[in-house]
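Heads up, the thing below is written out as structure tokens.
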Amino acid sequence: MILVTLGTQKFEMNRLIQAADELAQTVSEEIFVQCGNSSYQPKHCKYSAFVDTTQFAKMIQECSVLITHSGVGTIMTGIQAKRPIVVVPRLKKYNEHVDDHQLQIAEAFEEQGCVLCCREVAELKQYIEKAKSFAFQPYTAPESKVENLILDFIEKN
Numbered sequence: 012m013i014l015v016t017l018g019t020q021k022f023e024m025n026r027l028i029q030a031a032d033e034l035a036q037t038v039s040e041e042i043f044v045q046c047g048n049s050s051y052q053p054k055h056c057k058y059s060a061f062v063d064t065t066q067f068a069k070m071i072q073e074c075s076v077l078i079t080h081s082g083v084g085t086i087m088t089g090i091q092a093k094r095p096i097v098v099v100p101r102l103k104k105y106n107e108h109v110d111d112h113q114l115q116i117a118e119a120f121e122e123q124g125c126v127l128c129c130r131e132v133a134e135l136k137q138y139i140e141k142a143k144s145f146a147f148q149p150y151t152a153p154e155s156k157v158e159n160l161i162l163d164f165i166e167k168n
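In this note's numbering, the protein residues as written are 12 to 168.
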């Protein structure tokens, strides 16, 4: 199963749901969409507005590819579950958020090799195919700047 999740944001992301719905007609694998507060209702794949925490964790463990809107919690859960992750960030130009911070989040994770960032849903199928064979890297937490300042202070005094 390919899992598409949009989290609990108040913003719609109909373009991703519609792309997943269209894709469901061309792939043999089941696609499940957690739609959140979006108004588009898929016709060709299973969906639910929200999924309880236990079921959601199980779905992430079982999915072949996790497609997410760039929610940090979902990305980290997918990384911990060692799932292939395709991030489709909510973009301001589509009125999916107030700014492009989700793109910045996706790019930061992509730089580490933890996720693939799909900026346009027209490329979603190619990203799913790439994700199935991509050598994803484990997440490495950045060093704490505060910690470095304290260590520097101790060394100098």
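Using N, Cα and C, we set each Cβ at its ideal position, and we do this for glycine too.
Among the options, nearest to residue i - alpha-carbon criterion
i: residue 181; options: 28, 52, 109 and 19; result: Outside the shown range of the chain, which is 12 to 168, sits residue 181, and nothing can be said about it.
i: residue 121; options: 132, 95, 107 and 136; result: 95
i: residue 111; options: 80, 67 and 84; result: 80
i: residue 63; options: 33, 50 and 16; result: 16
i: residue 104; options: 137, 12, 23 and 50; result: 23
i: residue 75; options: 34, 144 and 59; result: 144
i: residue 146; options: 101, 12 and 90; result: 90
Backbone CA spacing between residue i and residue j [nearest angstrom]
i: residue 127; j: residue 117; result: 8 Å
i: residue 129; j: residue 61; result: 23 Å
i: residue 41; j: residue 73; result: 12 Å
i: residue 106; j: residue 115; result: 16 Å
i: residue 109; j: residue 92; result: 30 Å
i: residue 36; j: residue 70; result: 21 Å
i: residue 135; j: residue 34; result: 8 Å
i: residue 46; j: residue 133; result: 19 Å
Sub-9 Å separation of residue i and residue j beta-carbons
i: residue 57; j: residue 38; result: no
i: residue 123; j: residue 151; result: yes
i: residue 97; j: residue 142; result: yes
i: residue 48; j: residue 20; result: yes
Endpoints, alpha helix (DSSP H) assigned at residue i
i: residue 83; result: 83 to 91
i: residue 65; result: 64 to 73
i: residue 77; result: Unbroken run through residue 77 is the beta strand (DSSP E), 76 to 79; no alpha helix (DSSP H).
Continuous beta strand (DSSP E) stretch holding residue i: start and end
i: residue 120; result: Per DSSP, residue 120 belongs to no beta strand (DSSP E); it is in the alpha helix (DSSP H), 112 to 122.
i: residue 99; result: Unbroken run through residue 99: none, as it is neither H nor E.
Bridge-paired residues (DSSP) for residue i
i: residue 14; result: 43 and 77
i: residue 57; result: 43
i: residue 128; result: 98
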